[in-house]
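Number of protein chains: 2
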Amino acid sequence: MDEKQAIAAFAALSQETRLRIVRLLVEAGPDGLPAGAIGAAMDGASSSRISFHLSHLEQAGLARSRREGRSIIYSAVFATLSELIAFLMRDCCQGHPEVCAPAVAALSCACEPKTEDAHA
Amino acid sequence: MDEKQAIAAFAALSQETRLRIVRLLVEAGPDGLPAGAIGAAMDGASSSRISFHLSHLEQAGLARSRREGRSIIYSAVFATLSELIAFLMRDCCQGHPEVCAPAVAALSCACEPKTEDAHA
DNA sequence: TCAATTTTTCAAAAATCATTGAGATGTTTC
DNA sequence: GAAACATCTCAATGATTTTTGAAAAATTGA
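Protein sequence lines correspond, in order, to chains A and B. Going by our numbering, 103 is the number at position 103 of the first sequence; the sequence numbering is gapless. Count along the second sequence from 1, add 120, and you get the number used in our numbering.
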């Protein structure tokens with residue numbers, strides 16, 4: 001991930017509705033959710049507003065879409081999220097392990113850092 | 121770090137000049153750099169422009185300032201960067217270890233994830 | 001084919017953000 | 001105290017982003 005992509009991703013995540021959509025899509029997993037359901041989850045925001053934010057997220061590489069019947073299903077692009085975390089760590093760790101280490105340690109989710117020779 | 125803080129941090133990082141300033145400050149370490157030196161490093165941007173971006177970063181908790189003689193020295197707030205990474209991981213990992221694990225593995229910086237019982 | 005459903009597109013209005021330049025503030029040196 | 005230095009504040013301007021509402025496209029079912 002280069003600087004441009006990172007900036008686009010940060011911009012996409014710096015808006016309340018979009019950040020909430022991303023969280024929703026991450027929860028939803030690879031199957032994703034139809035645009036309508038996403039809108040309903042966002043205080044029933046107008047369809048054009050949701051469409052705007054969804055295409056913004058897609059533009060930033062954080063979501064992808066596929067048509068299924070008359071619905072359009074959006075799902076999170078986990079690779080981009082992963083790359084964004086890596087970007088942030090690369091940028092922030094330069095000689096400062098005290099930045100990354102706590103973040104990794106604070107990780108109370110299902111992620112187990114692969115400790116077997118993880119120096120890519 | 122709550123949603124509001126995360127949004128502020130993402131917004132701060134989603135602007136080229138600010139992202140570059142953050143990188144510079146991270147490189148500079150805890151000693152930081154005077155505003156003038158930061159401006160000089162940014163293609164010699166005008167002082168008011170740099171001041172605007174620096175106070176934006178300070179507002180977002182990503183930088184702090186102290187006066188030293190006639191200079192004002194800015195330095196990175198590593199804790200916020202760390203929390204932002206943790207926020208992103210928390211959000212993105214929910215049941216999806218394949219997101220975090222590669223990011224952690226891709227970590228080619230000096231950060232060694234503390235593997236001794238790091239389940240805080 | 002017609003009507004209903006789902007979502008997008010588009011243009012206009014509103015809101016927010018970035019840059020500029022002038023002037024103000026605090027600090028040091030003489 | 002005056003001059004020089006480093007940075008900030010403020011108002012004006014321009015640029016970008018967000019929201020809204022109306023209309024258009026794609027799909028399904030009768």
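Backbone N, C-alpha and C define an ideal beta-carbon position, used for all residues, glycine too.
* Do the segment 1 to 13 of chain A and the segment 30 to 38 of chain A make contact, defined as three or more Cβ pairs closer than 8 Å? -> No: the two stretches stay apart, fewer than three of their Cβ pairs being nearer than 8 Å.
* Asked: Taking three-plus beta-carbon pairs below 8 Å as touching, is the segment 49 to 69 of chain A in contact with the segment 10 to 23 of chain A?
  -> Segments in contact, yes.
* To do: With a floor of 3 residues, list each beta strand (DSSP E) that falls wholly inside the segment 43 to 81 of chain A, ordered by position along the chain.
  => Taken in chain order, the unbroken stretches of beta strand (DSSP E) that lie wholly in the segment 43 to 81 of chain A and span 3 residues or more are 63 to 68, 71 to 76.
* Taking all protein chains shown into account, decide if A:Leu88 is buried (16 or more other Cβ within 10 angstroms of its Cβ) or exposed. => So A:Leu88 ends up on the buried side.
* By the 10 Å Cβ neighbour count, where 16 or more other Cβ atoms means buried, how is A:Gly44 classified, buried or exposed? -> Exposed, because fewer than 16 other Cβ atoms sit within 10 Å of the Cβ of A:Gly44.
* Hey, is A:Met42's beta-carbon within less than 8 Å of any beta-carbon in chain B? -> At a cut-off of 8 Å between beta carbons, A:Met42 makes no contact with chain B.
* DSSP three-state call for B:Pro150: helix, strand or coil? -> Coil, per DSSP.
* Using a cut-off of 7 Å between C-beta atoms, extract the partners of B:Arg143 located in chain A. => Identification of chain A residues near B:Arg143 by a Cβ-Cβ cut-off of 7 Å yields Asp91, ordered along the chain.
* To do: Note down, in chain order, each residue of its chain lying with its Cβ closer than 6 Å to the Cβ of A:Thr80, except the 5 sequence neighbours on either side.
  => Closer than 6 Å at Cβ, skipping near neighbours: Gly61, Leu62.
* Range covered by the alpha helix (DSSP H) that runs through B:Gln214 -> Looking at the DSSP string, B:Gln214 is not in any alpha helix (DSSP H), and its letter there is neither H nor E.
* Could you tell me whether any Cβ in chain A is nearer than 8 Å to the Cβ of B:Glu178? => Chain A has no Cβ within less than 8 Å of the Cβ of B:Glu178.
* Grab me the residues of A:Arg67's own chain with a C-beta within less than 8 Å of its C-beta, minus the 5 sequence neighbours each way, in chain order. => Excluding residues within five positions, the ones whose Cβ falls inside 8 Å are Ile73.
* How many Å lie between A:Val77 and A:Leu84 at the Cα? -> The straight-line gap from Cα to Cα measures roughly 11 Å.
* **Where A:Ala35 meets chain B, residues with beta-carbon distance less than 9 Å** => Here the premise fails: no neighbours, minimum Cβ distance about 21 Å.
* **Buried or exposed (CB count within 10 angstroms, at least 16 for buried), B:Gly261** => Only positions 121 to 240 of chain B appear in the structure, and residue 261 of chain B is not among them; the question remains open.
* Asked: Taking Cβ-Cβ distances shorter than 9 Å, what residues in chain A pair up with B:Phe130?
  -> By Cβ distance, chain A contributes Ala9, Phe10, Ala11, Ala12, Leu13, Ser14, Gln15, Leu19.
* To do: Over the uninterrupted alpha helix (DSSP H) stretch that includes A:Gln15, give me the two end residues.
  => A:Gln15 -> no alpha helix (DSSP H), and no H or E assigned at all.
* Is the CB of A:Val26 under 8 Å away from at least one CB in chain B? -> Interface residue, yes.
* Residue from B:Ile127, B:Glu147, B:Gly189, B:Arg138 with nearest C-alpha to B:Ser171 -> From the listed residues B:Ile127, B:Glu147, B:Gly189, B:Arg138, the smallest Cα separation to B:Ser171 is found for B:Arg138.
* Answer yes or no: does any C-beta atom of chain B fall closer than 8 Å to that of A:Met1? => Chain B, which has no Cβ nearer than 8 Å to the Cβ of A:Met1, makes this no.
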